[in-house]
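What follows is one structure encoded as structure tokens, with my remarks underneath.
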Amino acid sequence: MKFNSVFDIIGPVMIGPSSSHTAGASRIGAIARAVFNEQPSQVDIHLYGSFAKTYKGHGTDVALIGGLLGFEPDDPRMKESPKLAEEWGMRIQFIEEVEEPPHPNTVKLVLKHGMQQMTLIGASIGGGKVEIIRLNEFELEFTGTAPAILILHQDKFGAIAAVSSVIADHKINIGQMKVSRKVKGDEALMVIEVDQQVEQALITKIAELPGIYQVASVMI
Numbered sequence: 001m002k003f004n005s006v007f008d009i010i011g012p013v014m015i016g017p018s019s020s021h022t023a024g025a026s027r028i029g030a031i032a033r034a035v036f037n038e039q040p041s042q043v044d045i046h047l048y049g050s051f052a053k054t055y056k057g058h059g060t061d062v063a064l065i066g067g068l069l070g071f072e073p074d075d076p077r078m079k080e081s082p083k084l085a086e087e088w089g090m091r092i093q094f095i096e097e098v099e100e101p102p103h104p105n106t107v108k109l110v111l112k113h114g115m116q117q118m119t120l121i122g123a124s125i126g127g128g129k130v131e132i133i134r135l136n137e138f139e140l141e142f143t144g145t146a147p148a149i150l151i152l153h154q155d156k157f158g159a160i161a162a163v164s165s166v167i168a169d170h171k172i173n174i175g176q177m178k179v180s181r182k183v184k185g186d187e188a189l190m191v192i193e194v195d196q197q198v199e200q201a202l203i204t205k206i207a208e209l210p211g212i213y214q215v216a217s218v219m220i
């Protein structure tokens, strides 16, 4: 296994005990919260593999809820996240799945608020790092290691060029882009990783483009 730095081995600063079961879990929760773009009123948390077997003892439940509340892995409020979620009106349900996932530390989050619902599947791959595998019906390969813009849009000619032009106008460099679609001409999803943090003005400008349904940013 190749490591880029010592921090890939020892993991991030966090409320313990495990970088994969707590820091990674909280990161998945935080990404889900960012993409959903508001605090959900209900979250169904489906746990697979090692997560399903050890989530209570390793604090994965607490970490996931903390991430959904927007807490950093080292936030001292993390330990109180279940209580705070209840106080802030977020209902949480944990479901232990028996299905064996591709990665042992896998979780599916179903976020709900009113008529809005979103499903996100992620895996904690070690050292606090994560991989987002699926967002609703779209397959992803998103790690959250760089600032990113997620754009749900109509699959039509010129959509990618229009979004890229707005990003260029804000003098932001695109590091990586992936576009997925369900059916030709239907909905599509752009995941654009960029080299710097994204300001709200850029998100607003993209949201104003024709054929854009939803825009969310994920910061690091």
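Per UniProt numbering, residue 1 is the first one in the sequence shown, and the count goes up by one each step.
Think of the CB as a built atom: it goes at the ideal place given N, C-alpha and C, for glycine as much as any other residue.
- Give every residue of the same chain whose Cβ lies closer than 6 Å to the Cβ of I125, excluding the five residues on either side of it in the sequence, and list them in chain order. As a first step, residue 125 must be located in the sequence shown, where it is residue number 125. Non-local C-beta neighbours of I125 in its own chain, meaning closer than 6 Å and more than five positions away in sequence, comprise E131, ordered along the chain.
- According to DSSP, is P210 helix, strand or coil? Counting from 1 along the sequence shown, the entry for residue 210 is found at position 210. Collapsing the DSSP output to three states places P210 in coil.
- Query: Anyone know if the C-beta pair for V166 and I92 falls short of 8 Å?
  - Reply: Along the sequence shown, one-based indexing puts residue 166 at 166. Along the sequence shown, one-based indexing puts residue 92 at 92. V166 is not a Cβ neighbour of I92, given a cutoff of 8 Å.
- With A34 and V183 assumed to form a contact (beta carbons below 8 Å), what rounded beta-carbon distance in angstroms separates them? Here residue 34 is taken as the residue at index 34 of the sequence shown, counted from 1. Here residue 183 is taken as the residue at index 183 of the sequence shown, counted from 1. Contact between A34 and V183 is ruled out by a C-beta separation of about 27 Å, above the 8 Å threshold.
- Determine the contact status of A162 and L209, defining contact as a CB-CB distance below 8 Å. Counting from 1 along the sequence shown, the entry for residue 162 is found at position 162. Counting from 1 along the sequence shown, the entry for residue 209 is found at position 209. Yes; because the gap between Cβ atoms is below 8 Å, this pair is in contact.
- Report yes or no: do three or more beta-carbon pairs, one from the region 46 to 66 and one from the region 94 to 112, lie closer than 8 Å? Contact holds: three or more Cβ-Cβ distances are below 8 Å.
- Could you have a look at G89 and say whether DSSP puts it in helix, strand or coil? Position 89 of the sequence shown, counted from the first residue, corresponds to residue 89. Coil, per DSSP.
- One or two residues paired with M118 in a DSSP bridge: As a working mapping, residue 118 is identified with position 118 in the sequence shown. Partner(s): L111.
- I10: buried (16+ other C-beta within 10 angstroms of its C-beta) or exposed? In the sequence shown, counting from the first residue as 1, residue 10 sits at position 10. Caution applies to I10, whose pLDDT of 39 falls short of 50 and renders its modelled position unreliable; the value that the coordinates give is listed next. The C-beta of I10 has fewer than 16 other C-beta atoms within 10 Å across all chains shown, which makes the residue exposed.
- What is the DSSP secondary structure of P17, reduced to helix, strand or coil? Residue 17 sits at position 17 when you count from the first residue of the sequence shown. In this prediction, P17 has a pLDDT of 48, which is less than 50 and means its spatial position is unreliable; what the coordinates show is noted afterwards. Assigned with DSSP and collapsed to three states, P17 falls in coil, not helix or strand.
- Query: Counting Cβ pairs closer than 8 Å, one from the region 75 to 84 and one from the region 140 to 150, do we hit at least three?
  - Reply: Three or more beta-carbon pairs separated by less than 8 Å are not found between the region 75 to 84 and the region 140 to 150, which leaves the two stretches without contact.
- Using three-state DSSP, classify V36 as helix, strand or coil. For the purposes of this step, residue 36 is taken as residue 36 along the sequence shown, with counting starting at 1. The sequence given here places Phe at residue 36; Val does not occur at that position. In the structure shown, F36 sits in a helix (DSSP, three-state: H, G or I).
- Query: Is the Cβ-Cβ distance between residue 239 and E199 less than 8 Å?
  - Reply: Because the chain spans 1 through 220 in this model, residue 239 falls outside it and cannot be assessed.
- Message: Which of the three DSSP states is assigned to Q197 in this structure?
- Response: In the sequence shown, residue 197 corresponds to position 197, counting from 1. Correct three-state label for Q197: coil.
- What residue from G211, V215, S41 has the CA that sits closest to Q116's CA? Stepping through the sequence shown from its first residue, residue 116 is reached at position 116. Q116 has its Cα closest to that of S41, out of G211, V215, S41.
- Query: Taking C-alpha atoms, which residue in T119, L202, F138 lies nearest to F36?
  - Reply: Here residue 36 corresponds to residue number 36 of the sequence shown, with the count starting at 1. Checked all of T119, L202, F138; the closest Cα to F36 is T119.
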